[in-house]
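Trainee: Mind looking over this structure? Questions follow.
There are 2 protein chains.
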Amino acid sequence: MFEAAELEHEVSKEDYRKEEAELRRALLAAQRELGQQRRFPVLILIAGVEGAGKSETVHLLNEWLDPRFIEVSGFGLPTEEEAVHPPMWRFWRALPPKGRIGIFFGAWQTVPILERVLGKLGPGGFATRMEEIMRLERMLAQEGVLLLKYWFHLSKAQQKKRIKSLEKDKETSWKVTRYDRTLFEHYDDFIEVCEPYLRETSTGEAPWTVVPAANERFRALFVGRHLLGALRARLDAPAPAAVKATPAPPAAPEQVNIIRALTLKQEMSRDDYDKELAEAQGRLARATRHKRYGSISVIAVFEGNDAAGKGGAVRRLGAALDPRAYRIVPVAAPTEEERAQPYLWRFWRHVPRPGRLTIFDRSWYGRVLVERVEGFAAEPDWRRAYAEINDFEEQLVTNGAVVAKFWLAISKDEQHRRFKDREATAFKRHKITEEDWRNREKWDAYEAAVCEMVERTSTGMAPWTLVEADNKLHARVKVIRTLAEMVEDGLKRAK
Amino acid sequence: MFEAAELEHEVSKEDYRKEEAELRRALLAAQRELGQQRRFPVLILIAGVEGAGKSETVHLLNEWLDPRFIEVSGFGLPTEEEAVHPPMWRFWRALPPKGRIGIFFGAWQTVPILERVLGKLGPGGFATRMEEIMRLERMLAQEGVLLLKYWFHLSKAQQKKRIKSLEKDKETSWKVTRYDRTLFEHYDDFIEVCEPYLRETSTGEAPWTVVPAANERFRALFVGRHLLGALRARLDAPAPAAVKATPAPPAAPEQVNIIRALTLKQEMSRDDYDKELAEAQGRLARATRHKRYGSISVIAVFEGNDAAGKGGAVRRLGAALDPRAYRIVPVAAPTEEERAQPYLWRFWRHVPRPGRLTIFDRSWYGRVLVERVEGFAAEPDWRRAYAEINDFEEQLVTNGAVVAKFWLAISKDEQHRRFKDREATAFKRHKITEEDWRNREKWDAYEAAVCEMVERTSTGMAPWTLVEADNKLHARVKVIRTLAEMVEDGLKRAK
Numbered sequence: 001m002f003e004a005a006e007l008e009h010e011v012s013k014e015d016y017r018k019e020e021a022e023l024r025r026a027l028l029a030a031q032r033e034l035g036q037q038r039r040f041p042v043l044i045l046i047a048g049v050e051g052a053g054k055s056e057t058v059h060l061l062n063e064w065l066d067p068r069f070i071e072v073s074g075f076g077l078p079t080e081e082e083a084v085h086p087p088m089w090r091f092w093r094a095l096p097p098k099g100r101i102g103i104f105f106g107a108w109q110t111v112p113i114l115e116r117v118l119g120k121l122g123p124g125g126f127a128t129r130m131e132e133i134m135r136l137e138r139m140l141a142q143e144g145v146l147l148l149k150y151w152f153h154l155s156k157a158q159q160k161k162r163i164k165s166l167e168k169d170k171e172t173s174w175k176v177t178r179y180d181r182t183l184f185e186h187y188d189d190f191i192e193v194c195e196p197y198l199r200e201t202s203t204g205e206a207p208w209t210v211v212p213a214a215n216e217r218f219r220a221l222f223v224g225r226h227l228l229g230a231l232r233a234r235l236d237a238p239a240p241a242a243v244k245a246t247p248a249p250p251a252a253p254e255q256v257n258i259i260r261a262l263t264l265k266q267e268m269s270r271d272d273y274d275k276e277l278a279e280a281q282g283r284l285a286r287a288t289r290h291k292r293y294g295s296i297s298v299i300a301v302f303e304g305n306d307a308a309g310k311g312g313a314v315r316r317l318g319a320a321l322d323p324r325a326y327r328i329v330p331v332a333a334p335t336e337e338e339r340a341q342p343y344l345w346r347f348w349r350h351v352p353r354p355g356r357l358t359i360f361d362r363s364w365y366g367r368v369l370v371e372r373v374e375g376f377a378a379e380p381d382w383r384r385a386y387a388e389i390n391d392f393e394e395q396l397v398t399n400g401a402v403v404a405k406f407w408l409a410i411s412k413d414e415q416h417r418r419f420k421d422r423e424a425t426a427f428k429r430h431k432i433t434e435e436d437w438r439n440r441e442k443w444d445a446y447e448a449a450v451c452e453m454v455e456r457t458s459t460g461m462a463p464w465t466l467v468e469a470d471n472k473l474h475a476r477v478k479v480i481r482t483l484a485e486m487v488e489d490g491l492k493r494a495k
Numbered sequence: 001m002f003e004a005a006e007l008e009h010e011v012s013k014e015d016y017r018k019e020e021a022e023l024r025r026a027l028l029a030a031q032r033e034l035g036q037q038r039r040f041p042v043l044i045l046i047a048g049v050e051g052a053g054k055s056e057t058v059h060l061l062n063e064w065l066d067p068r069f070i071e072v073s074g075f076g077l078p079t080e081e082e083a084v085h086p087p088m089w090r091f092w093r094a095l096p097p098k099g100r101i102g103i104f105f106g107a108w109q110t111v112p113i114l115e116r117v118l119g120k121l122g123p124g125g126f127a128t129r130m131e132e133i134m135r136l137e138r139m140l141a142q143e144g145v146l147l148l149k150y151w152f153h154l155s156k157a158q159q160k161k162r163i164k165s166l167e168k169d170k171e172t173s174w175k176v177t178r179y180d181r182t183l184f185e186h187y188d189d190f191i192e193v194c195e196p197y198l199r200e201t202s203t204g205e206a207p208w209t210v211v212p213a214a215n216e217r218f219r220a221l222f223v224g225r226h227l228l229g230a231l232r233a234r235l236d237a238p239a240p241a242a243v244k245a246t247p248a249p250p251a252a253p254e255q256v257n258i259i260r261a262l263t264l265k266q267e268m269s270r271d272d273y274d275k276e277l278a279e280a281q282g283r284l285a286r287a288t289r290h291k292r293y294g295s296i297s298v299i300a301v302f303e304g305n306d307a308a309g310k311g312g313a314v315r316r317l318g319a320a321l322d323p324r325a326y327r328i329v330p331v332a333a334p335t336e337e338e339r340a341q342p343y344l345w346r347f348w349r350h351v352p353r354p355g356r357l358t359i360f361d362r363s364w365y366g367r368v369l370v371e372r373v374e375g376f377a378a379e380p381d382w383r384r385a386y387a388e389i390n391d392f393e394e395q396l397v398t399n400g401a402v403v404a405k406f407w408l409a410i411s412k413d414e415q416h417r418r419f420k421d422r423e424a425t426a427f428k429r430h431k432i433t434e435e436d437w438r439n440r441e442k443w444d445a446y447e448a449a450v451c452e453m454v455e456r457t458s459t460g461m462a463p464w465t466l467v468e469a470d471n472k473l474h475a476r477v478k479v480i481r482t483l484a485e486m487v488e489d490g491l492k493r494a495k
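Sequence lines, in order, name chains A and B. Reminder that position 194 of the first sequence reads as 194 in the UniProt record's numbering, one-by-one numbering, no gaps. Reminder that position 21 of the second sequence reads as 21 in the UniProt record's numbering, one-by-one numbering, no gaps.
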């Protein structure tokens with residue numbers, strides 16, 4: 001696949017100057033439009049062989065475009081902060097918001113490719129990493145990121161010539177490091193790993209563009225033209241039609257409706273509650289003070305029907321914890337900065353360090369619940385969310401997190417009773433709004449969405465716990481006891 | 001000052017239950033109003049002697065209030081990420097936004113007090129830290145943060161009794177750590193340091209409230225009532241009047257007008273420019289590749305008249321740098337998340353790590369320039385900003401940053417010429433707006449603001465460089481050369 005890129009090209013100085021002036025003007029105009037529309041972000045990945053002018057190209061883009069709205073990120077060895085989070089965390093942090101351009105100099109493929117070349121990663125491990133990368137790139141593309149992946153290529157002979165000429169010139173010899181020379185010696189091994197990598201990760205949504213890099217002027221115009229074309233195509237495309245509400249999904253058939261299969265009203269006396277709650281809280285308190293607790297993190301997700309008692313359960317849970325070591329993230333409407341990013345970005349920013357516990361009061365599941373039912377997300381978007389969410393949670397668990405997900409279920413009658421009670425009690429009245437009553441009318445649609453959510457996202461590593469919540473006392477004990485058990489299991493795995 | 005706090009108090013169970021129910025309702029209502037108004041954040045500092053019920057109180061607040069809108073932060077030893085930034089950075093990151101409550105469990109005073117007790121910090125060093133803290137607290141209060149500082153106190157006898165009773169009970173004995181026992185042994189030393197600390201940092205804006213902590217019920221009601229009173233007082237205060245435009249300040253008298261003293265038109269031939277620019281860029285490139293560069297950070301601030309050529313200078317500066325190792329922060333209108341925080345918050349979040357360079361294209365000086373002249377900030381607010389800015393920059397420099405500030409100055413005639421040129425050139429037209437012409441009408445007011453800004457904020461550690469910019473070539477060379485020199489100096493200091 002590199003044959004075309006190894007052809008020799010010439011561009012005269014004069015031709016270059018003429019085209020560059022025009023290109024620059026057009027690129028600047030496109031960048032301005034990008035910033036005004038704020039419809040999508042642009043993410044440019046710069047990769048390829050050493051000595052192929054990657055740095056020079058990034059400099060050039062900064063010169064051609066308005067550098068204030070470009071953010072260049074280099075990804076070398078992770079810092080301590082980065083190292084304690086899942087590997088993709090640092091890339092999420094650096095994503096450009098809508099209307100801006102991000103350049104990743106080296107990206108998610110850099111470390112796996114290097115490790116594969118050096119033999120630290122076998123073919124199976126490499127394939128797994130490649131899969132992860134493809135899922136991420138697909139998700140970004142589907143979230144509207146204009147993802148442009150440039151691979152700067154030189155043949156072995158071209159690379160050799162380039163390094164020689166850099167070394168000869170006193171002004172540029174510092175650019176050739178010992179590391180470059182080592183890589184040059186591994187040229188064949190490197191290409192042997194990269195060639196299939198490029199082939200397999202050149203997907204429909206995010207193909208690689210191989211840049212013939214031997215001639216500086218040709219390379220510059222090549223990248224400039226390609227970038228301009230890609231920008232224009234997206235800028236000129238009509239704005240996507242507004243999302244139409246998805247027709248209410250049919251309720252799950254009775255025999256596989258896992259919610260209707262629950263016995264929502266569970267008995268528990270006040271005395272048993274006091275005893276069992278204290279016991280469960282004690283277990284959780286001990287687990288979170290365990291000496292190995294510092295090497296795992298805990299993520300507790302709370303979803304449930306309106307008025308199912310999430311707040312009360314969270315409060316009893318918090319009472320068992322050191323208040324410094326946990327935080328509650330209430331998930332409501334996203335902020336301006338969050339709206340300018342892919343959907344999962346606002347959850348990634350709250351992923352805890354080891355030794356910390358984060359409670360999400362509502363979560364990323366909003367996409368397949370309220371956003372689905374109310375039509376805030378288009379069907380293809382919430383459909384793909386199941387896989388994206390599983391992928392997200394897998395990354396958390398692989399990095400040592402315990403992910404506990406609770407669905408607090410109450411019956412329609414019980415909800416009605418609680419709504420009425422809230423309306424009748426002065427200090428609870430703020431908890432009940434018109435919207436709650438409206439949501440209630442879509443009870444069946446919500447129930448169907450919950451069934452499908454549990455079906456698709458209850459995984460071995462991050463299972464859903466369905467909590468019968470008509471009796472609050474039972475629900476609280478079940479939540480805390482389950483979490484305690486899961487943390488204990490997590491501690492065993494961390495051994 | 002602890003006498004009153006050492007008195008013994010009793011509250012019967014029944015009295016407690018009665019008052020608690022009412023207090024709880026009122027606190028919840030106040031918290032809800034806080035969230036609806038979103039006018040100010042609440043920051044609660046929890047400090048005091050060991051065993052005085054600090055944890056218990058935080059638990060209680062989480063129980064009384066809606067814990068989803070409370071964020072508790074504990075500040076132990078800094079992480080690597082925190083350690084490479086100025087000491088106050090981690091506190092800035094954890095500040096609650098408007099409408100929410102933040103609880104700092106241990107805060108900026110914890111480390112200095114501990115170090116003073118252990119003798120690692122002398123009286124002079126301690127006084128300096130105390131000064132820094134008072135400046136920060138005053139700034140937060142003036143930015144509208146409701147800052148509540150609770151000091152939980154026990155007499156030596158009370159503390160002894162408390163520890164004994166914790167140790168006796170199997171359920172609570174784990175709460176007494178070896179650390180607690182050490183602190184108990186140092187009770188007198190601790191009080192000897194804390195007493196004057198509390199006295200001196202009990203300022204009008206942010207006084208300490210000493211909590212008599214021996215009796216659990218009394219302590220709970222004491223804190224609850226105080227918190228409620230403080231919340232209500234702020235919630236019920238009328239919204240501050242809208243800022244009125246500050247009357248245009250008089251221009252600085254000719255003889256001390258440092259801008260008019262400049263010779264704005266400096267000669268430089270194109271040939272000299274090419275040579276000197278390359279030389280300055282080379283110096284900067286070498287300095288930022290120096291082996292000690294990894295232990296300093298660089299912050300370059302660009303301010304100047306409209307059309308003074310900031311963009312062009314920034315571009316040439318960037319050309320000398322590794323694009324991965326610098327970023328440009330264009331400062332425009334703050335985002336929603338930024339508007340919910342104290343003024344300097346949005347700059348703190350961009351403070352670079354060692355080995356990195358950040359260019360601010362416009363900066364925190366907006367407060368004493370555009371916000372002052374256009375009346376976006378009230379006079380007392382921009383007046384206090386000089387000291388706050390000096391304090392901010394001092395923290396950066398103390399932490400090893402080079403802070404270079406450039407004012408690019410052009411004459412009124414030159415600006416007129418450039419505005420006209422922009423209007424006449426197709427691809428520059430977007431750079432000139434009605435607003436630019438309007439700002440120009442306030443030329444004298446801006447000039448006076450610039451003179452005062454330089455006068456008050458050009459410090460030994462972070463001096464202003466005034467750049468004569470009628471000739472762009474001269475300006476670019478001066479900027480890059482100056483920055484190169486400052487980085488070289490920084491490297492020497494870092495030795």
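Built from N, CA and C at the ideal position, the CB exists for glycine as well.
(1) Which word fits A:M461, buried or exposed, when buried means at least 16 other C-beta atoms lie within 10 angstroms of its C-beta?
(2) So which residues of chain A does B:S458 contact, with C-beta pairs closer than 8 Å?
(3) Excluding the 5 residues preceding and the 5 following A:L183 in the sequence, name in chain order all residues of the same chain whose CB lies nearer than 7 Å to its CB.
(4) Assign A:V72 to buried or exposed, taking buried as 16 or more other Cβ atoms, counted over all protein chains shown, within 10 Å of its Cβ.
(5) Going by the CB atoms, is the gap between A:V368 and A:M486 shorter than 8 Å?
(6) Can you have a look at B:V256 and say buried or exposed, based on whether 16 or more other CB atoms are within 10 angstroms of its CB?
(7) Do A:L95 and A:P352 have their beta-carbon atoms positioned less than 8 Å apart in this structure?
(8) So the alpha helix (DSSP H) A:R232 belongs to, where does it begin and stop?
(9) With a threshold of 16 other CB atoms inside 10 Å of the CB of A:A107, please say whether the residue is buried or exposed.
(10) With A:T128 as the anchor, note down where its alpha helix (DSSP H) starts and where it stops.
(11) Start and end of the beta strand (DSSP E) containing B:Y150?
(12) Name the residue from A:E132, A:K98, A:E137, A:A445 whose alpha carbon lies nearest to the alpha carbon of A:R32.
(13) If the criterion is Cβ atoms closer than 8 Å, does the pair A:R217 and A:V58 meet it?
(14) Identify the contact partners of B:N62 in chain A, using a Cβ-Cβ distance below 8 Å as the criterion.
(15) Residue range of the beta strand (DSSP E) that A:R327 falls in?
(16) For a test of the three-state rule: what should DSSP assign to A:N361, helix, strand or coil?
(17) Considering only the beta carbon of each residue, do B:E491 and B:R286 sit closer than 8 Å?
(18) Could you name the residues of the same chain whose beta carbon sits closer than 6 Å to that of B:A385, not counting the 5 residues immediately before and after it, in chain order?
(19) Can the beta-carbon of A:I70 be found less than 8 Å from the beta-carbon of A:L61?
(20) Quick one: what does DSSP say B:W407 is sitting in, helix, strand or coil?
(21) Can the beta-carbon of B:G304 be found less than 8 Å from the beta-carbon of B:W382?
(22) Once you ignore the five residues that flank A:K472 on each side, which residues in its own chain have a CB closer than 7 Å to its CB?
(23) Just to make sure I have the definition right: I need the residues of chain A whose C-beta is within less than 7 Å of the C-beta of B:E80. Which are they?
(24) Can you tell me where the alpha helix (DSSP H) holding residue 503 of chain B begins and where it ends?
(25) Within this structure, are the beta carbons of A:V479 and A:V467 separated by less than 8 Å?
(26) Can you name the residues that DSSP bridges to B:E303?
(27) Take A:I103 as the anchor and find which of A:W464, A:L45, A:L262 has the nearest alpha-carbon.
(28) Using DSSP with H/G/I as helix, E/B as strand and the rest coil, what is B:V11?
(29) Once you ignore the five residues that flank B:A280 on each side, which residues in its own chain have a CB closer than 7 Å to its CB?
(30) Tell me the DSSP bridge mates of A:A47?
Mentor: Straight from the coordinates:
(1) By the 10 Å Cβ count, A:M461 comes out exposed.
(2) Neighbours of B:S458 across chain A, judged by C-beta separation under 8 Å, do not exist; the nearest C-beta is about 25 Å away.
(3) In the same chain as A:L183, and ignoring 5 residues on each side of it, the C-beta atoms closer than 7 Å to its own belong to E50, F190, in chain order.
(4) It is buried - the Cβ of A:V72 has at least 16 other Cβ atoms within 10 Å.
(5) Result no, Cβ atoms of A:M486 and A:V368 do not sit closer than 8 Å.
(6) So B:V256 ends up on the exposed side.
(7) No.
(8) Looking at the DSSP string, the run of the alpha helix (DSSP H) that includes A:R232 is 216-236.
(9) Looking at its Cβ environment, which holds 16 or more other Cβ atoms inside 10 Å, A:A107 is buried.
(10) Start and end: 123-142.
(11) DSSP places B:Y150 in the uninterrupted beta strand (DSSP E) bounded by 146-153.
(12) Residue A:K98 is the option with its Cα nearest to A:R32.
(13) Their beta carbons are not under 8 Å apart, which means A:R217 does not touch A:V58 by this criterion.
(14) Against B:N62, the close residues of chain A are R315, G318, A319, P323, in the order they occur along the chain (beta-carbon pairs closer than 8 Å).
(15) Under the DSSP assignment, A:R327 falls in the beta strand (DSSP E) whose first and last residues are 326-330.
(16) According to the sequence provided, residue 361 of chain A is Asp. The question's Asn does not apply to it. Shown here, A:D361 sits in a strand according to DSSP, grouped into three states.
(17) The amino acid at residue 491 of chain B is misidentified as Glu; the sequence shows Leu. B:L491 is not a Cβ neighbour of B:R286, given a cutoff of 8 Å.
(18) Short of 6 Å from the beta carbon of B:A385, and not among the five residues preceding or following it, lie these beta carbons of its own chain, in chain order: R367, V368.
(19) The answer is yes: Cβ separation under 8 Å.
(20) In this structure, B:W407 counts as strand in the three-state DSSP scheme.
(21) The beta carbons of B:G304 and B:W382 sit no closer together than 8 Å.
(22) Contacts found: G309, G312.
(23) Ordered by position in chain A, the residues that pass the 7 Å Cβ test against B:E80 are T79, E80, E81.
(24) Outside the modelled stretch of chain B, which goes from 1 to 495, sits residue 503 of chain B, for which no answer is possible.
(25) Yes; because the gap between Cβ atoms is below 8 Å, this pair is in contact.
(26) Partner(s): B:W407.
(27) Minimum Cα-Cα distance from A:I103 among the listed residues A:W464, A:L45, A:L262 corresponds to A:L45.
(28) If DSSP states are grouped into helix, strand and coil, B:V11 belongs with coil.
(29) Cβ within range, chain order: V477, I480, R481, A484.
(30) Looking at the DSSP assignment, A:A47 forms a beta bridge with A:W151.
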